[in-house]
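Asks: Provided herewith is a single structure, encoded as structure tokens, for subsequent inquiry.
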Amino acid sequence: MSMIRGDSETFTVLCKNPDGSLHPFERGDTVYFTVKWSPNADEKLMQKVVTDFGGKGEAV
């Protein structure tokens, strides 16, 4: 993923089952979108928590 600094960006996340079929997020689920300098870094530069999902069960 990439974006230009200063722009607004929207990412849509869907969950899939191992067989490739969609598994919609539902009430009670929580999706964390976290930005760090590297996967092993402890410091979070930004974190968005999504608990409200769209009509197809996607996290936006």
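In terms of our numbering, the sequence shown opens at residue 1 and continues consecutively. Just so it is clear, CB atoms sit at the ideal spot from N, CA and C, and this is done for glycine as well.
#1: Taking the beta strand (DSSP E) that T12 belongs to, which residues open and close that run?
#2: Excluding the five sequence neighbours on either side, which residues of its own chain have a C-beta within less than 7 Å of the C-beta of K16, listed in chain order?
#3: Return the CA-CA distance between E43 and F33, expressed in angstroms with no decimal places.
#4: I'd like to confirm the pairing. Which residues does DSSP put opposite V49 in its beta bridges?
#5: Suppose you measure from the CA of Q47 to the CA of M3; what does that come to, to the nearest Å?
Replies: According to the structure shown:
#1: Numbered from 1 along the sequence shown, position 12 holds the residue referred to as residue 12. Segment: none, T12 is in no beta strand (DSSP E) and carries neither H nor E.
#2: Residue mapping note: residue 16 aligns to position 16 of the sequence shown, counting from 1. Taken in chain order, the residues that qualify are L22 and H23.
#3: Position 43 of the sequence shown, counted from the start, is the residue given in the question as residue 43. Position 33 of the sequence shown, counted from the start, is the residue given in the question as residue 33. Spanning the two alpha carbons is a distance of roughly 14 Å.
#4: Translated into positions along the sequence shown, residue 49 becomes position 49. Beta-bridge annotation (DSSP): V49 is paired with Y32.
#5: Numbered from 1 along the sequence shown, position 47 holds the residue referred to as residue 47. Numbered from 1 along the sequence shown, position 3 holds the residue referred to as residue 3. Spanning the two alpha carbons is a distance of roughly 16 Å.
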